[in-house]
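Visitor:
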Amino acid sequence: QIYNQVPVQCRVEGTRRWVAAGSEPTARREMETLLAEVAETSGTRIRLADWNMPGDAFAVDQNGPLVGAFQSAYEQVTGAPLRLGGKPFIDDGNVFMAAGIEALTHGPCATGAHTTDEQVPVAELVRVAKVYALTAQAFC
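Here our numbering is used: the first residue of the sequence shown is 38, the next is one more, and so on.
1) Does DSSP classify Gln42 as helix, strand or coil?
2) Please classify Thr78: does DSSP put it in a helix, a strand, or coil?
3) Does the pairing of the region 74-89 with the region 133-140 give three or more beta-carbon distances under 8 Å?
4) In the DSSP assignment, the alpha helix (DSSP H) including Ser109 goes from what residue to what residue?
5) Classify Thr172: buried if its beta carbon has 16 or more other beta carbons within 10 angstroms, exposed otherwise.
6) Going by Cα to Cα distance, which pick from Thr115, Ala86 and Thr142 is closest to Val97?
7) Within the chosen definition, does the region 111-123 reach the region 162-171 through at least 3 CB pairs nearer than 8 Å?
8) Taking Cys177 as the reference, give the member of Glu161, Gln99, Val104 and Gly92 with the closest Cα.
9) By Cβ distance below 8 Å, which residues in the same chain neighbour Pro145 in space, the five residues on each side in sequence not counted?
10) Give the DSSP bridge partners of Thr148, in chain order.
11) Just to confirm my understanding: we take Ala73, look at its own chain, exclude 5 residues before and 5 after, and list those with CB closer than 8 Å. What are they?
12) Work out the CA separation of Met68 and Thr152 for me, nearest whole Å.
13) Taking 9 Å as the threshold (C-beta atoms), are Lys124 and Val56 in contact?
14) Span of the alpha helix (DSSP H) holding Met90?
The following block contains the structure:
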């Protein structure tokens, strides 16, 4: 091919995330439906070449003892409760939950996460360390 030709192929890569455990089949169907609609509208052929699921979503009992210990620790450190809710990213919490071990996800407020300019203030690392230490003390 040369610079003024129309390409015959295009590869698009992306990430599809969900926050409800067991939603992977639904997410895949939604993606396949969307691709079929785009193909129909654009008169192109589109296929879902790769579908990689590195881990499923998980949910924690918001009234359970681990969340209670965590909230207490968070309030001791920050003076305010932490808003609870889903986090649309992957970590190892799903592996622990699948093994029957309750897990939480909490980390520092970082700027530019997963970029070439990722930064985390030291004060945030200290805050998170205090919260986890107090959580462990209260929970264990």
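Glycine residues also receive a C-beta, built at the ideal position from the N, C-alpha and C atoms.
Computed from a predicted structure; not experimentally measured.
Guide: Quick answer:
1) In the three-state scheme derived from DSSP, where H, G and I count as helix and E and B as strand, Gln42 is classed as coil.
2) It is helical.
3) No: fewer than three Cβ pairs fall under 8 Å.
4) If you look at Ser109, you'll find it in the alpha helix (DSSP H) that goes Pro102 to Thr115.
5) Taking all protein chains in view, the Cβ of Thr172 is crowded by 16 or more other Cβ atoms within 10 Å, so the residue is classified as buried.
6) Taking each of Thr115, Ala86 and Thr142 in turn and checking the Cα distance to Val97, the smallest one comes out for Thr142.
7) The count of Cβ pairs closer than 8 Å, one atom from the region 111-123 and one from the region 162-171, reaches three, so the stretches are in contact.
8) Minimum Cα distance to Cys177 is reached at Val104.
9) Val157, Pro158, Glu161, Leu162, Arg164 and Val165, listed in sequence order.
10) Paired residues: Gln156.
11) The answer, listed in chain order, is Ile83.
12) Between Thr152 and Met68, the C-alpha separation is close to 26 Å.
13) In this structure, the beta-carbon distance from Val56 to Lys124 falls below 9 Å.
14) Taken as a continuous stretch (DSSP letters only), Met90 belongs to no alpha helix (DSSP H), as it is neither H nor E.
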